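A.B. asks: Its first residue numbered 2, the sequence shown is counted upward by one per residue in our numbering. Okay, handing you the structure first.
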Amino acid sequence: MFNNFSERDLAMVALCLDNEEEEKQRYLREIKRKRRFWVHAAWKTRPHEGEFFSLFPHLLDDEMKFYQFLATGDSFKTISFSYRMGRSTVCTIVHHTSKAVIEVLLNEVMPVPDEVKWSEIATTFWERWQFPNCIGALDGKHVTIQAPKLSGSLYWNYKKTYSI
């Protein structure tokens, strides 16, 4: 196949191809390094307390992506098309921002109830539903029971059992 070329010519071609491959690999590593710094370094250093706006004004779009996700309920795929980013990047932005919001606001919005509050909750359940010593309920879970007297079809479900 390469009968017309000398060994020296073939060595030069091989050297050029090898050099071209090295250049391509170096370029890809450089792109990865730049992208990794832009995406991940910003997330690692972003404070949860609101310093985000002064430290990273170029990342304000992250906030808009998060608000769009919360406001519209769009999928990550739709939001990624809107902002021309990868779906995994949008997913990471939403998860990191949600985690930060939860860490900051959880105790303020949903404080852990004390003993008095638990008593109030149990009393409310007794008054409304006649369940003594109950402090919570699950929705969407069928708990099979014996049919209460004179309940008719009140506790009958689509699984053909009586449940709460």
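All C-beta atoms in this analysis are idealised placements derived from N, C-alpha and C, irrespective of residue type, glycine included. Computed from a predicted structure; not experimentally measured.
Let me know if F77 comes out buried or exposed under the rule of 16 or more other beta-carbons within 10 Å of its beta-carbon.
C.D. replies: buried
A.B. asks: Counting only the same chain and skipping the five closest in sequence on each side, list residues whose C-beta sits under 8 Å from that of R37.
C.D. replies: Low per-residue confidence applies at R37: pLDDT is 46, beneath 50, and the placement is therefore not dependable enough to give any value.
A.B. asks: Go ahead and pull the three-state DSSP assignment for Y163.
C.D. replies: Correct three-state label for Y163: strand.
A.B. asks: Looking only at its own chain, which residues have a Cβ that is under 7 Å from the Cβ of A123, when we skip the five neighbours before and after it?
C.D. replies: N134, C135 and I136
A.B. asks: Could you check how far apart the C-beta atoms of Y163 and T145 are, in whole angstroms? I think they sit under 8 Å.
C.D. replies: Contact between Y163 and T145 is confirmed by a C-beta separation of about 7 Å, below the 8 Å threshold.
A.B. asks: What is the DSSP secondary structure of R37, counted as helix, strand or coil?
C.D. replies: Only weak support is given to the placement of R37: the predicted model assigns it a pLDDT of 46, under 50, and the value that follows is read from those uncertain coordinates. If DSSP states are grouped into helix, strand and coil, R37 belongs with the helices.
A.B. asks: Have a look at R129 and P114 and give me their C-alpha separation to the nearest angstrom.
C.D. replies: 20 Å
A.B. asks: Quick check on the burial criterion: 16 or more other C-beta atoms within 10 angstroms. Buried or exposed for W80?
C.D. replies: Strictly speaking, residue 80 in this sequence is Ile, with Trp absent from that position. Label assigned to I80: buried.
A.B. asks: If we count the other Cβ atoms within 10 Å of its Cβ and call it buried at 16 or more, is T98 buried or exposed?
C.D. replies: buried
A.B. asks: Between the alpha carbons of A12 and R27, how many angstroms are there, rounded?
C.D. replies: Each residue's alpha carbon lies about 22 Å from the other.
A.B. asks: State buried or exposed for I103, treating a residue as buried only when at least 16 other CB atoms are found within 10 Å of its CB.
C.D. replies: exposed
A.B. asks: Are there 16 or more other CB atoms within 10 angstroms of the CB of V91, so buried, or fewer, so exposed?
C.D. replies: Buried, because 16 or more other Cβ atoms sit within 10 Å of the Cβ of V91.
A.B. asks: Between the alpha carbons of L106 and H143, how many angstroms are there, rounded?
C.D. replies: 33 Å
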